[in-house]
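Below is one structure, written out as structure tokens, with a few remarks after it.
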Amino acid sequence: MATITNASTGGDGSSSSSSSSSNNNNNNNNVNNDISRGGTASDGGGLFKGVKLAQKKKLINLLRGWPAPSLLPAADLQEATNYVLSDPAIAVPVLQYGIDPGYQPLREEVARWLSELYPRYTPPGSPGSPPAEKGGGRGSDGSSSDGSGSGSGSGAGISADEITITGGASQSLACVLQSFTDPGYTRAVWVAAPCYFMACPIFEDNGFRGRLRALPEDEGGVDVRVLERRLKECEAEPWENRPLKNPYPDRKLYRHVIYLVATCANPSGKTMSLARREQLVHLAREYDALIISDDVYDLLQWPVTPLSSLPSPSASPSPSATGTGSGSGSESGSPFPVPRPPLLPLLSQIDAALPPSRHNPAGSGKVFSHAISNASFSKLVGPGVRTGWIHASADFAYGFSVTGTNRSGGAASQFAAAVVWRALASGRVARHVDSVVRPALRRRHALALDAIARFLAPLGVTVWGGNTVRGAGQGVGFFSRGDGGGSSSGGSSSGDSSSNSSSSSSGERGGEAEVGDGREEVYGGYFLWLTLPEGVDSAVVAERARAEEDLIVAPGQIFEVAGDEDSARFPRNLRLSYSWADEEDIVEGIERLATVLRRMLRGEGDDEARKEDAHGDAQVFK
Numbered sequence: 001m002a003t004i005t006n007a008s009t010g011g012d013g014s015s016s017s018s019s020s021s022s023n024n025n026n027n028n029n030n031v032n033n034d035i036s037r038g039g040t041a042s043d044g045g046g047l048f049k050g051v052k053l054a055q056k057k058k059l060i061n062l063l064r065g066w067p068a069p070s071l072l073p074a075a076d077l078q079e080a081t082n083y084v085l086s087d088p089a090i091a092v093p094v095l096q097y098g099i100d101p102g103y104q105p106l107r108e109e110v111a112r113w114l115s116e117l118y119p120r121y122t123p124p125g126s127p128g129s130p131p132a133e134k135g136g137g138r139g140s141d142g143s144s145s146d147g148s149g150s151g152s153g154s155g156a157g158i159s160a161d162e163i164t165i166t167g168g169a170s171q172s173l174a175c176v177l178q179s180f181t182d183p184g185y186t187r188a189v190w191v192a193a194p195c196y197f198m199a200c201p202i203f204e205d206n207g208f209r210g211r212l213r214a215l216p217e218d219e220g221g222v223d224v225r226v227l228e229r230r231l232k233e234c235e236a237e238p239w240e241n242r243p244l245k246n247p248y249p250d251r252k253l254y255r256h257v258i259y260l261v262a263t264c265a266n267p268s269g270k271t272m273s274l275a276r277r278e279q280l281v282h283l284a285r286e287y288d289a290l291i292i293s294d295d296v297y298d299l300l301q302w303p304v305t306p307l308s309s310l311p312s313p314s315a316s317p318s319p320s321a322t323g324t325g326s327g328s329g330s331e332s333g334s335p336f337p338v339p340r341p342p343l344l345p346l347l348s349q350i351d352a353a354l355p356p357s358r359h360n361p362a363g364s365g366k367v368f369s370h371a372i373s374n375a376s377f378s379k380l381v382g383p384g385v386r387t388g389w390i391h392a393s394a395d396f397a398y399g400f401s402v403t404g405t406n407r408s409g410g411a412a413s414q415f416a417a418a419v420v421w422r423a424l425a426s427g428r429v430a431r432h433v434d435s436v437v438r439p440a441l442r443r444r445h446a447l448a449l450d451a452i453a454r455f456l457a458p459l460g461v462t463v464w465g466g467n468t469v470r471g472a473g474q475g476v477g478f479f480s481r482g483d484g485g486g487s488s489s490g491g492s493s494s495g496d497s498s499s500n501s502s503s504s505s506s507g508e509r510g511g512e513a514e515v516g517d518g519r520e521e522v523y524g525g526y527f528l529w530l531t532l533p534e535g536v537d538s539a540v541v542a543e544r545a546r547a548e549e550d551l552i553v554a555p556g557q558i559f560e561v562a563g564d565e566d567s568a569r570f571p572r573n574l575r576l577s578y579s580w581a582d583e584e585d586i587v588e589g590i591e592r593l594a595t596v597l598r599r600m601l602r603g604e605g606d607d608e609a610r611k612e613d614a615h616g617d618a619q620v621f622k
């Protein structure tokens, strides 16, 4: 059999060649691990293993959730590294084992930074919470009148003892599960669906295989009413309650875990309203649940703007905009500042503002969180720095820090944490995010929406807009609801008809006001969530796109919760990433996707055979 050589092009335009034997070796790697990072350029991380490829065009990868090379601040990190290593007083400690909670200067700097970015949260009805009739309180959707989501005052007031440095959001998630959950005590893990699917293996590795439960989204994100009903049902079931761990005195075990991305969810793009966040925290406190929110996209939001209204990318960036010359490509800086939308309070802030929970260990005097913020510099600086943080109560943060791996090896990413500290303290991270990353992502998002409007919308494809239900761009519809046959995410939610409703028991409104929290026309993150026409299977579309058009996209089936797929299925959804591919490839990729879809709608191709193969791959993929 002849060897087929595939030319692949990275996001920086560089080309490499790989033979079919190389591809076969890549296919033998862990498929989930590959696909979370986009896999090899030629096989889509193993998703299309066995597919006969006819390489005719430049490969375009709209699956990969990486920052484009032009968004990496190499110059900033070089300056920070030189600064750290040139001073022995800094260099020697950071090249040694670090203290358990992490590099102290970074803990302090992260606390200061977050306190500036996030609003101070005051629970409704508490002292300092402005009354609604005076114009400063929450609307019927729970938002404040200025749309910021804060009760009163300014600045979140986060302290360094509430911050622990981690090796990134994935490592942090694993450590939280090691320290605060027990397969013999923790009854279930509730995962927002559609989910960030690479979290599922982390839960399974910690003893929860078969105990993941899909939690469907509605127009406002996680459906709290469905969660409450299922928690009651779960609590009513017999349970042996045989814990394997003794967490005391520095930690506690939780009966339930709730995992989600509260802002710019991956993959759906949805942002939970303030009222919905408050409901979720109160529910977690009632049922002794720990909410783990991956807050990796909060700082990557922008006002939605039609492509025609954006400045030309050929405009020369000003020195004040580029700061230190971050990046390596055409996206090295923007002379046109992108307004920073006001942030909603973190779930961890909402929990911290409430009185101590009745589930704290009796007599311990310790206060353990029911919601933590799991964040990372991967999307802000670069995944390779492997540095992140959690925000939680001081007692929870300390309990996390004494995880066995930390006690043995010290806090994760000690040296990288020092480099990130310098970049953050010098203002370079903030400048890079505001002058490079957010402007680039906003333009890429607008390009994608424009291309969807031109090529996919005429074929019946809709796209979720995240924080509003409206028409925008060049005729692109931002639809929050399915066509009546599935959930609001475009998938199906078996046995949970209530997930199709936008109302809630607390009286929060559905539709535009509830979803947007007063912040309409705001989007963020890396991804768009598409709903295909009735009867079109996204796994088949993804396979045919790879085989026929050299295009890699993510089918909705991979975002179903492992082991509970029947509770929330997404056979008509696709996730498109606009963070990795070059701008022209984003547009061309969407046009190629339309070509495949058009063929399928015309009945061209052996759809049934492809469907069977694609579903087989989807099972391997999970």
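Under the UniProt record's numbering, residues 1 to 622 are what the sequence shown spells out, in order.
Every residue gets a Cβ at the ideal spot worked out from N, C-alpha and C, and that includes glycine.
Taking ARG544 as the centre and dropping the five residues before and after it, the same chain places the C-beta of VAL596, ARG599, MET600, GLY605 and ARG610 closer than 8 Å to its C-beta, in chain order. Look at the UniProt domain "Aminotransferase class I/classII large" (161-298) and you find these whole runs of beta strand (DSSP E), each 3 residues long or longer: 163-166, 188-193, 212-218, 256-260 and 289-294. By the neighbour-count criterion, in which a residue is buried when 16 or more other Cβ atoms sit within 10 angstroms of its Cβ, ASP564 is buried.
With respect to ALA397, THR164 sits close: the two C-beta atoms are nearer than 8 Å. Around the beta carbon of GLN96, fewer than 16 other beta carbons sit within 10 angstroms, so the residue counts as exposed.
Its Cα nearest to that of ILE590, the residue ARG444 stands out among ALA394, ARG444 and SER348. In the DSSP annotation of this structure, SER309 is not part of any alpha helix (DSSP H), being labelled neither H nor E. Counting C-beta atoms within 10 angstroms of its own C-beta, GLU548 has 16 or more neighbours from the protein chains shown and is therefore classed as buried. A straight-line Cα-Cα distance of about 9 Å links ALA539 and LEU574. Taking each of ARG285, ALA193 and ALA392 in turn and checking the Cα distance to ALA214, the smallest one comes out for ALA193. One Cα belongs to PRO337, the other to VAL433, and the distance between them is close to 11 Å.
Cα atoms of GLY269 and ASN82: separation of roughly 38 Å, rounded to the nearest angstrom.
Between ARG569 and GLU560 the beta-carbon gap is near 6 Å, inside 8 Å, which marks them as a contact. Distance from the Cα of ALA89 is smallest, within the candidate group PRO458, TYR523, ALA423 and ALA418, for ALA418. Checking the DSSP bridge columns, you'll see SER373 partnered with SER293 and HIS391. Measuring C-alpha to C-alpha distances from ALA284 to each of ALA265, ILE258 and PRO306 identifies ILE258 as the nearest. Excluding residues up to 5 positions away in sequence, VAL385, ARG386 and THR387 lie with their Cβ nearer than 7 Å to the Cβ of ALA416 in the same chain.
Within the DSSP bridge table, the entry for VAL522 names PRO303 as partners. Around the beta carbon of LEU551, 16 or more other beta carbons lie within 10 angstroms, which makes this residue buried. Look at THR403 here: in three-state DSSP terms it is coil, with no helix or strand label. Residue pairing from DSSP leaves SER364 without any beta-bridge partner.
Residue state for ARG444 is assigned as helix, using DSSP reduced to three classes. The beta-carbon distance between LEU299 and ILE291, rounded to whole angstroms, is 20 Å. This is too long to meet the 8 Å contact definition. In this structure, the beta-carbon distance from PRO533 to LEU459 falls below 8 Å. In terms of CA proximity to TRP190, GLU204 leads the group ALA425, GLN301 and GLU204. The beta carbon of TYR526 sits closer than 6 Å to those of GLY65, SER577 and SER579, all from its chain and outside the five residues before and after it, given in chain order. When secondary structure is reduced to three states using DSSP, ARG422 falls in the helix class.
Excluding five sequence positions before and after VAL420, the CB atoms of its chain that fall closer than 7 Å to its own CB belong to LEU106, PHE377, VAL381, VAL385 and THR387, given in chain order. In the assembly as shown, VAL463 is a buried residue. Its beta-carbon has 16 or more other beta-carbons within 10 Å. According to the DSSP secondary-structure assignment, SER577 is paired through a beta bridge with PHE527. The segment 229-238 and the segment 162-178 do not touch, with fewer than 3 CB-CB distances between them shorter than 8 Å. The criterion of a C-beta distance shorter than 8 Å is satisfied by LEU307 and ASP450. ASN206 is not a Cβ neighbour of ALA156, given a cutoff of 8 Å. With a contact defined as Cβ atoms closer than 8 Å, ALA262 and LEU347 qualify at about 6 Å. DSSP, read as helix, strand or coil, puts PRO555 in strand.
ILE60 is bridged by DSSP to LEU551.
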